[in-house]
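Adding 25 to a residue's 1-based position in the sequence shown gives its number in the numbering used here. Built from N, CA and C at the ideal position, the CB exists for glycine as well.
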Amino acid sequence: MLIEWAPAAREQLQQIISYISDRNLVAALELNQAIEASVLALSRRPHLYRPGRVIGTREMVVHPNYLVVYQVTDYIRVLSVLHARQRYP
């Protein structure tokens, strides 16, 4: 299944990685790799993760502190990458 990133989600991921890399470059690279790999794995089992707090979305916890919000239609659209403590929605 095709995966598409919303521009806002890409920007959120970039900001998270930039923030972490200022403190620990290795941790930032590992988190980026974990998020990218987890999103790619969605193509095999897009409905594996729980329904989201917003109707029509799903939420994947990719790290104890980060989650990916996405929609499944004819393709997977990554909507947001959030810190678990962020107020959402």
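In summary, arginine 69 is exposed, with fewer than 16 beta-carbon neighbours lying within 10 Å of its beta-carbon over all protein chains present.
9 Å or more divides the Cβ of isoleucine 41 from the Cβ of leucine 65. In terms of Cβ geometry, serine 63 and alanine 53 do not form a close pair [threshold 9 Å].
Contact between alanine 34 and valine 97 is absent: CB atoms are separated by about 15 Å, not below the 8 Å threshold. Under the rule that a run must span 4 or more residues, the alpha helix (DSSP H) segments found entirely inside the region 36 to 71 read 50 to 66. Looking at Asn49, Asn57, Tyr74, Leu50, the one whose alpha-carbon comes closest to that of glutamine 37 is Asn57. Under DSSP, leucine 92 forms a beta bridge with Val86, Leu107.
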